[in-house]
Every structure is written in C-alpha cells, then in structure tokens.
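Each residue of the sequence shown is one higher than the one before, counting from 7 in the working numbering.
Using N, Cα and C, we set each Cβ at its ideal position, and we do this for glycine too.
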Amino acid sequence: MARGIRVAVLGAGGAAQVVHLPILKRLPEVEIAGIADPELDKAKTIAERFGVDRVAASIEELAAEGPVEAALVCSPNYAHEASVMDALERGCHVLCERPLATSVDATLRMIDAARKAERHLMVAMNLRFRYDVRAIKHFVANGELGDVFYIRSTWMNRRARRPRRGWRLDPEQAGGGVLMDLGSQAIDLALWTLDFPRVQRVAARLHGSGGVEATAAVQLALEAGATATIEVTWELVHERDRHVLYVLGTRGSARSTPFQVQCTTASGIMDVTPPLDWPPTELYSDSYRQEWAEFLRHARGEKPPEVPEDQVAVARAVEASYRAAAEEREVEV
Numbered sequence: 007m008a009r010g011i012r013v014a015v016l017g018a019g020g021a022a023q024v025v026h027l028p029i030l031k032r033l034p035e036v037e038i039a040g041i042a043d044p045e046l047d048k049a050k051t052i053a054e055r056f057g058v059d060r061v062a063a064s065i066e067e068l069a070a071e072g073p074v075e076a077a078l079v080c081s082p083n084y085a086h087e088a089s090v091m092d093a094l095e096r097g098c099h100v101l102c103e104r105p106l107a108t109s110v111d112a113t114l115r116m117i118d119a120a121r122k123a124e125r126h127l128m129v130a131m132n133l134r135f136r137y138d139v140r141a142i143k144h145f146v147a148n149g150e151l152g153d154v155f156y157i158r159s160t161w162m163n164r165r166a167r168r169p170r171r172g173w174r175l176d177p178e179q180a181g182g183g184v185l186m187d188l189g190s191q192a193i194d195l196a197l198w199t200l201d202f203p204r205v206q207r208v209a210a211r212l213h214g215s216g217g218v219e220a221t222a223a224v225q226l227a228l229e230a231g232a233t234a235t236i237e238v239t240w241e242l243v244h245e246r247d248r249h250v251l252y253v254l255g256t257r258g259s260a261r262s263t264p265f266q267v268q269c270t271t272a273s274g275i276m277d278v279t280p281p282l283d284w285p286p287t288e289l290y291s292d293s294y295r296q297e298w299a300e301f302l303r304h305a306r307g308e309k310p311p312e313v314p315e316d317q318v319a320v321a322r323a324v325e326a327s328y329r330a331a332a333e334e335r336e337v338e339v
C-alpha cells in the first residue's frame with residue numbers, strides 16, 4: 007500500500023462536502039487530520055457527517071495536534087491566498103480549489119511562495135483529468151487534428167431551484183460571478199488543451215442582474231491566429247448541466263460530449279474516437295478521483311513538487327475579460 011499522508015481540509019463549504027470529503031474518506035492511504043473553518047459550528051456538523059475527529063478555526067490549531075503533510079483549500083475565493091500561504095508556511099503540499107486567486111498579483115505571490123517552500127501547489131482543475139478531454143489533448147499534441155484554429159470550452163450549469171445565495175454572489179468575496187467561478191476552469195481547459203498559447207486580445211460580454219454576472223461569453227485571440235470561445239452560465243434552462251470541449255483543426259475535429267474524434271486520412275474522413283473505459287455519466291466524478299491520485303503522488307514524494315505557473319495566464323485572461331466587458335471593447339492582454 008502507498009505511504010499514508012495526513013490531509014487538513016481548510017474550509018467546510020460545498021466543494022469539500024460534495025466532492026472532496028467523500029473521496030478522501032474512501033482513500034485508505036489518506037488520514038483526514040481535521041477540518042478547519044472559522045465557522046466552528048458548521049465545521050463540527052460536517053465533521054460529524056463524515057466521521058472526522060478534529061475541527062479547528064485554523065490550520066495552526068490542527069497542526070498543534072499532530073503533523074499535517076498536505077492541505078485542501080476549499081475556503082471562499084477571497085480567502086484562498088491566506089489559506090494557501092498558511093499551509094505552505096507549515097510545510098504542506100497544497101491542493102486549492104479553483105480559482106487559485108482572484109487577481110494576477112495574488113496568483114504570482116502564491117506561486118512564488120510555493121517555489122520558495124519547495125512544496126507542490128496544485129489547482130483543482132479537475133476537467134483536465136477527464137478521459138475524453140485527455141484523449142483530445144493527445145490528438146492535438148500529436149498533430150493528428152492538424153493546425154488548430156478554433157476551440158470552444160463551455161460549462162453551463164442548470165438554474166438552481168432555489169435562488170443562489172452566499173459569498174459567491176458578493177463580488178468582494180468571490181472576485182466576480184460565473185466568469186470567476188466556472189470561467190476560470192473553462193479558460194484553463196481551452197488553453198491547457200493547446201499547451202497554453204499566448205492570449206493576445208480578449209472580448210467579453212457579461213449578463214445577469216444583482217451583484218455578479220450569471221452568464222459570460224468570452225472570445226480569446228490566441229497566437230498563431232487561433233481563436234478560443236468560452237461560454238459559462240449558472241442559468242441554463244435544461245434538465246442537466248452541460249460541459250463541452252470542441253476543437254477544430256485543419257485535419258480533423260474533436261468534441262468531448264458526446265465524445266467523438268474525426269480525422270482526415272488517405273481514405274477520407276474517418277471516425278477515430280477511442281473507446282471510453284467509463285460510462286459518460288461517470289467521467290466527471292472520476293476526474294476528481296484522478297486529480298487526487300495525481301496530487302498524492304507529488305505529496306508522497308513519488309513525483310517532484312511543481313508550481314502552477316500556467317495559472318498566471320488564466321488569471322490574466324480572466325482579468326482582461328472583466329476589463330473588456332466593463333469597457334465594452336476588445337482589450338490587449
């Protein structure tokens with residue numbers, strides 16, 4: 007069995023409850039060191055639900071009760087930087103929920119701190135670990151789609167039955183609305199698939215009433231003439247959420263949902279879609295398990311620490327998108 011590791015959960019919000027704690031409880035090589043959240047009553051309730059013994063207001067209190075080797079940051083966006091810095095100062099490897107930060111400056115500070123601490127800092131961009139998406143990236147990297155000239159990354163969530171509430175609707179705490187929430191990952195996925203080409207210009211439109219936008223449409227002009235379109239919403243009127251990555255190249259095309267890859271060959275256009283090892287309905291949940299497996303390989307020392315320098319490009323694209331929308335014009339990045 008792989009060497010065990012003690013993980014502190016910083017923040018008892020929805021991501022911790024719905025995604026991460028259920029996975030961590032099933033990993034025999036992981037011990038949950040405790041849940042740290044300033045709202046102690048909430049932390050205690052969540053700890054009881056998942057059978058976690060310790061709760062505290064901070065990672066400092068958890069570390070005082072025993073060694074902590076890794077930390078999962080699920081605090082609100084505005085608190086990511088402080089939570090990551092606290093964990094790094096205590097020698098932890100860190101997995102931080104998206105976005106890493108709400109500004110380019112904060113992103114740079116966190117990356118610099120991780121590099122100096124020689125600790126692994128990973129952003130929970132779980133869509134990178136979907137089997138269909140990784141297959142598409144492989145086709146792109148091998149040149150089988152030719153020169154990619156267009157990519158579309160869409161993440162549309164169903165309209166909630168109950169009105170949204172909480173810190174995500176406060177621009178001071180969230181840093182923005184759906185563009186910051188879902189858009190940061192949708193932008194990351196498009197740029198990652200193409201191995202992070204430079205973003206040259208951005209145009210954007212935001213829609214929605216209230217404190218933050220509920221829908222965003224962004225167009226990124228990439229180097230070498232390629233274009234990326236990003237579409238995200240919290241207000242899809244449909245029976246299910248929709249996540250789609252679509253790639254167009256000079257020799258082929260690919261889409262993630264439904265998964266299909268077609269390429270031009272000497273015999274004409276052929277369907278070269280690889281078989282899926284999982285039912286399509288399980289791809290999303292499996293991506294989180296694969297994400298944790300990768301993070302733990304670094305935390306156990308099986309792979310060297312890495313810092314997410316590519317998140318600077320994502321943060322710059324998000325900032326430029328908000329500026330383009332506010333000024334109603336295309337802006338340089």
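8 Å contact criterion, which residue i and residue j should meet: CB distance rounded
i: P352; j: A63; result: With the chain represented from 7 up to 339, any question about residue 352 goes unanswered, as that position is not in the structure.
i: S159; j: A192; result: 4 Å
i: F145; j: D316; result: Actually they are not in contact, since the Cβ atoms of F145 and D316 sit about 20 Å apart, beyond 8 Å.
i: A119; j: L94; result: 5 Å
i: T287; j: Q266; result: At roughly 17 Å, the Cβ-Cβ gap does not stay under 8 Å, so T287 and Q266 are not in contact.
i: W284; j: Y137; result: 6 Å
i: L33; j: V318; result: Actually they do not touch by this definition, with Cβ atoms about 31 Å apart.
For residue i, the first and last residue of its enclosing alpha helix (DSSP H)
i: M276; result: Run containing M276: none in the alpha helix (DSSP H); it sits in the beta strand (DSSP E), G274 to D277.
i: T160; result: T160 -> not in any alpha helix (DSSP H); beta strand (DSSP E) instead, spanning V154 to R164.
i: E178; result: P177 to A180
i: L197; result: S190 to T199
Straight-line gap, residue i to residue j (C-alpha atoms, nearest Å)
i: A330; j: E338; result: 9 Å
i: E37; j: A14; result: 9 Å
i: E297; j: E336; result: 35 Å
i: S109; j: G274; result: 47 Å
i: V320; j: T233; result: 15 Å
i: W161; j: A196; result: 12 Å
i: E222; j: S262; result: Reading the sequence as shown, one finds Ala at residue 222 and not Glu. Computed Cα separation, rounded: 21 Å.
i: K48; j: G57; result: 14 Å
i: Q268; j: P73; result: 51 Å
i: C98; j: A53; result: 21 Å
Enclosing beta strand (DSSP E) for residue i [first to last residue]
i: S293; result: Element bounds for S293: not the beta strand (DSSP E) but the alpha helix (DSSP H), L289 to A305.
i: A77; result: A76 to V79
Beta-carbon proximity check, residue i vs residue j, cutoff 8 Å
i: A180; j: V218; result: yes
i: G17; j: D153; result: no
i: E67; j: A42; result: yes
i: L185; j: S291; result: no
i: I29; j: A305; result: no
i: P311; j: R125; result: yes
i: M116; j: L106; result: yes
i: R55; j: G40; result: no
i: L251; j: I142; result: yes
CB contact below 8 Å: residue i versus chain C
i: D118; result: You won't find chain C in this structure, because it holds only one protein chain.
- [ ] Let me know the alpha helix (DSSP H) ranges lying completely inside the stretch 63-125, each 4 residues or longer, listed in chain order.
- [x] Listed in chain order, the alpha helix (DSSP H) elements of length 4 or more contained wholly in the stretch 63-125 are 65-70, 86-95 and 110-123.
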